[in-house]
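**Student:** The structure follows.
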Amino acid sequence: MNYYEHHLGDYVRDTAHLSMVEDGAYRRLIDAYYTREKPLPADLKDVCRLARAITKPERDAVKVVLEEFFSQCPDGWRHKRCDAEISRYQDKQPGAQAKRENDKERQRRSRERRKLLFETLRQNGFTASWDAPTEQLQAMVSRISSTPVTQPVTRDNTANQTPDTSNQTPDIKDTHSSTIVGASQADPPDPPRPVSKTTAVCYAMRSAGMPSVNPSHPDLASLLERGAEISMFEHAARQAVEKGKTFAYAIGIVKGQLQDAQAHAKTPNNPAGTYRPNRFDPVAFVNQSHKEQGHVIDVPAQHLA
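So the sequence shown is numbered by this note's numbering: it starts at 16 and just counts up by one.
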């Protein structure tokens, strides 16, 4: 035991008649009793050694205290109150030990979970603060793995078709479609992209060459709320990469550009200089991310019988 309750009122009532040396001997013997969790030795010399009683007055004080407050038994000098406290303490130990083991296991699972979340973020090029709450890490991973709000644009496979229209009258429609030359149905679909604006910004910055981004950066959300556009982050990322700078440097560039844009936006009808960006369209962002590089031919759509 490393703790026990010491009731001052009861102690003073029972020991008010003791001398200073006797009181000190009593306290030392009680401490030894609780620390050892068993009775004091039967031999007076051994008890004096536990109490560190060296001089004759000190040894005499130990003897007085033993005879007044302890009972001599076959297994040593016993103390009724100490035995009761030790018994109560030992009865609680199995439950306390089980609780400690459960706490250790819960902490181990929590560490493994956080390790997996950090590894998932690193594999996708994202970083997070080491002391970020687990809920925040889970939210970041969820944004990375979320699916788009619409399916990618379906590509037409007309590269190898040569229709015979010599005796056919085309039925011309008013709609237009874009046909990508050289596309193949065998091409695997591009992976789905998250559509939240924060993730779109991070994706654009990574596409611009930024090796590591942080979607939980406090200034990122603030800049988006103030009207910063995705293209501003993308251009800032390119500048930062050219200078060998980090994600935070690119965020600083956007912050300065946004301040300049708001200053120029001040007009008689807009004295506060509120900057009004283009509205973010998550569907357009998803579809744009699935476009392939190539020649696009825009022609009136025709129905070939």
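Every residue, glycine too, gets a C-beta built ideally from N, C-alpha and C.
Please look up how many angstroms separate the CB atoms of Y41 and T50, rounded, as I've assumed it's under 8 Å.
**Tutor:** Working through the sequence shown from its first residue, we reach residue 41 at position 26. Working through the sequence shown from its first residue, we reach residue 50 at position 35. Not really, about 15 Å apart at Cβ, beyond 8 Å.
**Student:** With respect to the beta strand (DSSP E) encompassing R93, which residues constitute its N-terminal and C-terminal limits?
**Tutor:** Mapped onto the sequence shown, residue 93 falls at position 78. Run containing R93: 91–93, per the beta strand (DSSP E) assignment.
**Student:** Straight-line CA distance for R103 to E52?
**Tutor:** The residue labelled residue 103 in the question sits at position 88 within the sequence shown. The residue labelled residue 52 in the question sits at position 37 within the sequence shown. Cα-Cα distance, rounded: 11 Å.
**Student:** Where Y264 and A255 are concerned, what is the direct C-alpha to C-alpha distance, given to the nearest angstrom?
**Tutor:** Taking the sequence shown and counting its residues from 1, the one referred to as residue 264 is at position 249. Taking the sequence shown and counting its residues from 1, the one referred to as residue 255 is at position 240. Spanning the two alpha carbons is a distance of roughly 6 Å.
**Student:** On the three-pair Cβ rule with 8 Å, is the stretch 112–119 touching the stretch 78–89?
**Tutor:** The stretch 112–119, when compared against the stretch 78–89, does not touch it at the 8 Å Cβ threshold.
**Student:** Cβ of I245 within 9 Å of Cβ of A215?
**Tutor:** Position 230 of the sequence shown, counted from the start, is the residue given in the question as residue 245. Position 200 of the sequence shown, counted from the start, is the residue given in the question as residue 215. Closer than 9 Å, so yes.
**Student:** Under a three-way DSSP split, which group does N17 fall into?
**Tutor:** Numbered from 1 along the sequence shown, position 2 holds the residue referred to as residue 17. Note: N17 maps to coil in three-state DSSP.
**Student:** According to the Cβ coordinates, are R273 and A243 closer than 9 Å?
**Tutor:** On the sequence shown, position 258 is the one that residue 273 refers to. On the sequence shown, position 228 is the one that residue 243 refers to. For the sequence presented, residue 273 should be read as Leu rather than Arg. Yes, the pair counts as a contact, with Cβ atoms nearer than the cut-off.
**Student:** Among residues of its own chain, excluding the 5 on either side of L65, which ones have a beta-carbon nearer than 6 Å to its beta-carbon?
**Tutor:** Residue 65 sits at position 50 when you count from the first residue of the sequence shown. Cβ neighbours of L65 beyond the five flanking positions: A47.
**Student:** Going by the DSSP bridge assignment, what does F141 pair with across the sheet?
**Tutor:** Your numbering for residue 141 matches position 126 in the sequence shown. DSSP lists V228 as partners of F141.
**Student:** Which term fits P233, buried or exposed, when burial requires 16 or more other beta carbons within 10 angstroms of its beta carbon?
**Tutor:** Locating residue 233 in the sequence shown gives position 218, where the first residue counts as 1. That one is exposed.
**Student:** Roughly how many whole angstroms lie between the Cα atoms of S157 and S211?
**Tutor:** What you label residue 157 is simply residue 142 of the sequence shown in a count that begins at 1. What you label residue 211 is simply residue 196 of the sequence shown in a count that begins at 1. Rounded to whole angstroms, S157 to S211 spans 11 Å at the Cα level.
**Student:** List the residues that DSSP assigns as beta-bridge partners of Q87.
**Tutor:** Within the sequence shown, residue 87 is the residue found at index 72, counting from 1. Per DSSP, W92.
**Student:** If you draw a straight line from the alpha carbon of S222 to that of L239, how long is it in whole angstroms?
**Tutor:** Translated into positions along the sequence shown, residue 222 becomes position 207. Translated into positions along the sequence shown, residue 239 becomes position 224. When rounded, the distance between both Cα atoms is 19 Å.
**Student:** What residues are listed by DSSP as bridge partners for L238?
**Tutor:** Walking along the sequence shown from the start, residue 238 turns up at place 223. Per DSSP, none; premise fails for L238.
**Student:** In terms of residue numbering, what span does the alpha helix (DSSP H) encompassing S222 cover?
**Tutor:** Counting from one through the sequence shown, the residue named residue 222 turns up at place 207. Run containing S222: 212–222, per the alpha helix (DSSP H) assignment.
**Student:** Does the beta-carbon distance from P89 to A68 come in below 9 Å?
**Tutor:** Along the sequence shown, read from residue 1 onward, the residue named residue 89 stands at position 74. Along the sequence shown, read from residue 1 onward, the residue named residue 68 stands at position 53. Cβ atoms of P89 and A68: not closer than 9 Å.
**Student:** Indicate the three-state DSSP secondary structure (helix, strand or coil) for L33 in the structure shown.
**Tutor:** Counting from one through the sequence shown, the residue named residue 33 turns up at place 18. Three-state result, L33: coil.
**Student:** Whole angstroms is fine: what's the gap from V168's alpha carbon to V228's?
**Tutor:** In the sequence shown, residue 168 corresponds to position 153, counting from 1. In the sequence shown, residue 228 corresponds to position 213, counting from 1. Confidence is the limiting factor: at V168 the pLDDT is only 44, short of 50, which leaves the residue's position unreliable, though a coordinate-based value still follows. If I take the Cα positions, the gap works out to 28 Å.
**Student:** Going by beta carbon distance, what residues of the same chain come within less than 7 Å of R93, once the five residues before and after it are set aside?
**Tutor:** On the sequence shown, position 78 is the one that residue 93 refers to. Closer than 7 Å at Cβ, skipping near neighbours: P54, F85, S86.
**Student:** Could you please give the first and the last residue of the uninterrupted alpha helix (DSSP H) stretch that includes D275?
**Tutor:** Working through the sequence shown from its first residue, we reach residue 275 at position 260. Element bounds for D275: 262–279.
**Student:** Look at the alpha carbon of I312 and the alpha carbon of E249, and state the distance between them as a whole number of angstroms.
**Tutor:** Walking along the sequence shown from the start, residue 312 turns up at place 297. Walking along the sequence shown from the start, residue 249 turns up at place 234. In this predicted model, I312 has a pLDDT of only 47, less than 50, meaning its place in the structure is not dependable enough to derive any value.
**Student:** Use the C-beta contact count for T142: other C-beta atoms within 10 angstroms, 16 or more gives buried, fewer gives exposed.
**Tutor:** Translated into the one-based positions of the sequence shown, residue 142 becomes position 127. Buried, because 16 or more other Cβ atoms sit within 10 Å of the Cβ of T142.
**Student:** Note down the Cα distance separating K258 from G140, rounded to an integer number of angstroms.
**Tutor:** Residue 258 sits at position 243 when you count from the first residue of the sequence shown. Residue 140 sits at position 125 when you count from the first residue of the sequence shown. Their backbone Cα atoms lie some 20 Å apart in a straight line.
**Student:** Bridge partners for F55 per DSSP, in chain order?
**Tutor:** Your numbering for residue 55 matches position 40 in the sequence shown. According to the sequence provided, residue 55 is Leu. The question's Phe does not apply to it. In the DSSP output, where bridge partners are listed per residue, L55 has W92.
**Student:** Buried or exposed: which applies to A219, given that a residue is buried once 16 or more other Cβ atoms fall within 10 Å of its Cβ?
**Tutor:** Numbered from its first residue, the sequence shown carries residue 219 at position 204. The residue in question, A219, is buried, as its Cβ has 16 or more Cβ neighbours within 10 Å.
**Student:** Leaving out five residues before and five after E100 in sequence, what residues of the same chain have Cβ atoms less than 6 Å from its Cβ?
**Tutor:** Here the question's residue 100 lines up with position 85 in the sequence shown. Closer than 6 Å at the Cβ level, and outside the excluded window around E100, lie Y19.
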